[in-house]
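Data first, discussion second: the structure below is written as structure tokens.
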Amino acid sequence: MRRPRKSCPVCEMGIRQVDYKDDRSLSRFITERGKIIPSRLSGMCARHQRQLSQAIKRARHLALIPYVRGHGR
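Below, the structure written as structure tokens:
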């Protein structure tokens with residue numbers, strides 16, 4: 000059985016470009032281990048999933064979001 004296709008949350012909000020400086024919205028698409036949630040779970044379209052992964056990687060490089068959450072305890 001196939002599940003109905005989820006709608007893209009970024010398309011619904013009307014955002015044209017995913018911004019790497021918006022760490023609050025980026026953290027919605029990261030697991031507690033720090034991995035990027037795949038598009039089949041998040042419902043993202045292919046274009047926004049690529050933009051999201053690039054924005055997360057840029058934010059990690061600039062230390063806006065951590066590579067791994069809770070590391071160092």
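Numbering (numbering that gives the first Met the number 0), first residue to last: 0 to 72.
Don't be surprised by glycine CBs; every beta carbon is placed ideally from N, CA and C.
- By the Cβ test, the stretch 54 to 63 is not in contact with the stretch 4 to 15, since fewer than three Cβ pairs between them sit closer than 8 Å.
- The beta carbon of Met0 is closer than 7 Å to none in its chain, skipping five residues each way along the sequence.
- In chain order, Ile36 place their CB closer than 8 Å to the CB of Thr30, counting only its own chain and leaving out the 5 sequence neighbours on each side.
- In the DSSP assignment, Val9 falls within the unbroken alpha helix (DSSP H) covering 8 to 12.
- For Ile64, the secondary structure class from DSSP, reduced to helix, strand or coil, is coil.
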